[in-house]
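Undergrad: In case it helps, our numbering puts the sequence shown at residues 55 to 282.
Mind looking over this structure? Questions follow.
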Amino acid sequence: MAEIFTLYPGKEEFCLLALHGDEWPAREVCLRARQALRCGAVVFNGKKRLVIFSSTPENGSPERIFEFDPNRIWTHQLAKDISYGLYLDFRSKVFWPIREFFEKFKAVISLHNNGKPKFSVRSFIDGDLKEFARAYVLANPQGERDFFIVTKEEDFKNLSSGGFSVVWQNPGVPKDGSLSAWFANKKRFISIETRTRPLNSADPRETEKIQLQMLAAALRSIKPRRRT
Ligand SMILES: [Zn+2]
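If you want it as structure tokens, here you go:
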């Protein structure tokens, strides 16, 4: 089985993350930035959103598989459709290595592309994710699907004053298996949600360009330049 994810070590205090294989501009930006910055990164390697973990027990029983969304595994609860043995194997080979890797960094920046028209900063204002937001700023009504989700007030202030739409996540957020909920009151975490631009638009790399600008803003927020 090909490795389903890769951990890239880094010298910086933050690590980048690309969880969803079907969000290729986000992965592209993640890999390019990690090469340029020599920072740590966690990258899921497949091209699909759902990832297949397979496990062959030593007693000769047939191979078992568990199909999962990498942004729904961050919980201590057993998934409904998984046996305990498979769950333990999954935890030791996927969950724990990544979780321990995160421990090396003070901040984690996750890159997503958002292809669902209904998913936007508005989902946190008056939609079904209302209880996830402690505060929000809707800075760009034209582009409300380009936004940040943050766990720290400092990043909320920095990014919203930079003209971006930002959701400051409620620290008591329901644990839905997402990484932002997992890190809620544990770690400095920034999720960059960039709308997927259509490929037939005037500039086919527009999604990556916007995402790079958003990543640059996130990095300025966590690494302010020292005044001399
Ligand atoms: Zn995603």
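Glycine is no exception: its CB is placed at the ideal position from the N, C-alpha and C atoms.
Distance, Cα to Cα, L266 vs K160?
TA: For this step, residue 266 is matched to residue 212 along the sequence shown. For this step, residue 160 is matched to residue 106 along the sequence shown. When rounded, the distance between both Cα atoms is 21 Å.
Undergrad: From A72 to K170, what distance separates their C-alpha atoms?
TA: On the sequence shown, residue 72 is found 18 positions in, with the first residue counted as 1. On the sequence shown, residue 170 is found 116 positions in, with the first residue counted as 1. A72 and K170: Cα-Cα distance of roughly 18 Å.
Undergrad: What's the call for Q131, buried or exposed, on a 16-neighbour Cβ count within 10 Å?
TA: Mapped onto the sequence shown, residue 131 falls at position 77. That one is exposed.
Undergrad: Give the range of the beta strand (DSSP E) segment to which S245 is assigned.
TA: Walking along the sequence shown from the start, residue 245 turns up at place 191. R242 to R249 is the extent of the beta strand (DSSP E) around S245.
Undergrad: Going by alpha carbons, who is nearest to K241 out of K206, E260, E262 and F218?
TA: In the sequence shown, residue 241 corresponds to position 187, counting from 1. Considering only alpha carbons, the answer is K206.
Undergrad: Could I get the ranges of all uninterrupted beta strand (DSSP E) runs contained in the stretch 115-177, with 3 residues as the minimum, in chain order?
TA: 118-122 and 161-168
Undergrad: Less than 7 Å between the beta carbons of F202 and I244, yes or no?
TA: Start at 1 with the first residue of the sequence shown, and residue 202 comes out as number 148. Start at 1 with the first residue of the sequence shown, and residue 244 comes out as number 190. Closer than 7 Å, so yes.
Undergrad: With DSSP as the reference, please indicate the residues paired to A95 in a beta bridge.
TA: By 1-based counting over the sequence shown, the position of residue 95 is 41. Answer by DSSP bridge pairing, in chain order: Y62 and L70.
Undergrad: Could you tell me the distance, in whole angstroms, from the CA atom of A95 to the CA atom of W150?
TA: As a first step, residue 95 is located in the sequence shown; it is residue number 41 there, counting from the start. As a first step, residue 150 is located in the sequence shown; it is residue number 96 there, counting from the start. Taking the straight line joining both Cα atoms gives about 16 Å.
Undergrad: Leaving aside the five residues before and after P63 along the sequence, list all residues of the same chain whose C-beta is less than 7 Å from its C-beta, in chain order.
TA: The residue you call residue 63 lines up with position 9 of the sequence shown. Result list for P63: G94, in chain order.
Undergrad: Taking the alpha-carbon positions, what's the R88 to P79 distance?
TA: Translated into the one-based positions of the sequence shown, residue 88 becomes position 34. Translated into the one-based positions of the sequence shown, residue 79 becomes position 25. For R88 and P79, the distance between alpha carbons rounds to 14 Å.
Undergrad: Use the C-beta contact count for E185: other C-beta atoms within 10 angstroms, 16 or more gives buried, fewer gives exposed.
TA: Here residue 185 corresponds to residue number 131 of the sequence shown, with the count starting at 1. Label assigned to E185: exposed.
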